[in-house]
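Numbering (this note's numbering), first residue to last: 79 to 279.
Built from N, CA and C at the ideal position, the CB exists for glycine as well.
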């Protein structure tokens, strides 16, 4: 059994280094390519949400005012994830907020991250786009709800990662698709991926 925690954040902006904070987090546990458990919560980190972000996500300052404190939510999220490897679409973004919010809650973040953008660029070079919604359409994945809300996006990323695992497993079911292999594939130069998948090295 192989499990991966697929995460998505909604935030007040693009960088915790610039003072931006998370406003919502969602995590979907993917077990052998299937979503099996979910965690989602708004969070109050004491930062106002800019108007254009509220228009994009639908998350308002009034909603955040009634949400639990960010540190409390992050402690719950950390317990939910445990020591599982993690994944996200454009993982560099979500990893920064995962690490920053856990640090503010006094917790470590020793998690490896799989990036479905990097994997998509290597596995599906002919896809018209590597944006999450367009990849979902490209592969005929299930609709998951309103884009730019954490649970809908985490669900969609989980379905995409499950499709990637199925494609790597192959029709004979013998191909590797475990987290270590996914991280190896995403780190390779694009021209080496076909060779790796064909030979296993």
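Around the Cβ of residue i, are there at least 16 other Cβ atoms within 10 angstroms (buried) or fewer (exposed)?
{"i": "residue 115", "result": "exposed"}
{"i": "residue 117", "result": "buried"}
{"i": "residue 102", "result": "buried"}
{"i": "residue 227", "result": "buried"}
{"i": "residue 130", "result": "exposed"}
Please state the DSSP three-state secondary structure of residue i.
{"i": "residue 108", "result": "strand"}
{"i": "residue 86", "result": "strand"}
{"i": "residue 100", "result": "strand"}
{"i": "residue 207", "result": "coil"}
{"i": "residue 80", "result": "coil"}
{"i": "residue 119", "result": "strand"}
For residue i, I'd like the list of residues in its chain whose CB is within less than 7 Å of its CB, leaving aside the five on either flank, ordered along the chain.
{"i": "residue 111", "result": "240, 243 and 244"}
{"i": "residue 208", "result": "195, 198 and 199"}
{"i": "residue 205", "result": "198, 213 and 216"}
{"i": "residue 264", "result": "192, 193, 196, 197 and 200"}
{"i": "residue 225", "result": "211 and 231"}
Which same chain residues, not among the five before or five after residue i, have their C-beta less than 6 Å away from its C-beta?
{"i": "residue 174", "result": "94"}
{"i": "residue 214", "result": "234"}
{"i": "residue 145", "result": "120, 121 and 122"}
{"i": "residue 185", "result": "156"}
Name the two residues that bound the continuous alpha helix (DSSP H) containing residue i.
{"i": "residue 127", "result": "Taken as a continuous stretch (DSSP letters only), residue 127 belongs to no alpha helix (DSSP H), as it is neither H nor E."}
{"i": "residue 275", "result": "268-277"}
Ordered list of alpha helix (DSSP H) runs contained in the stretch 137-182, each at least 4 residues:
Counting whole runs of 4 or more residues, the stretch 137-182 contains the alpha helix (DSSP H) stretches 139-143, 148-159 and 169-182.
Suppose only complete runs of 3+ residues qualify. What are the beta strand (DSSP E) ranges in the stretch 182-259, listed by chain order?
Correct list: 191-193.
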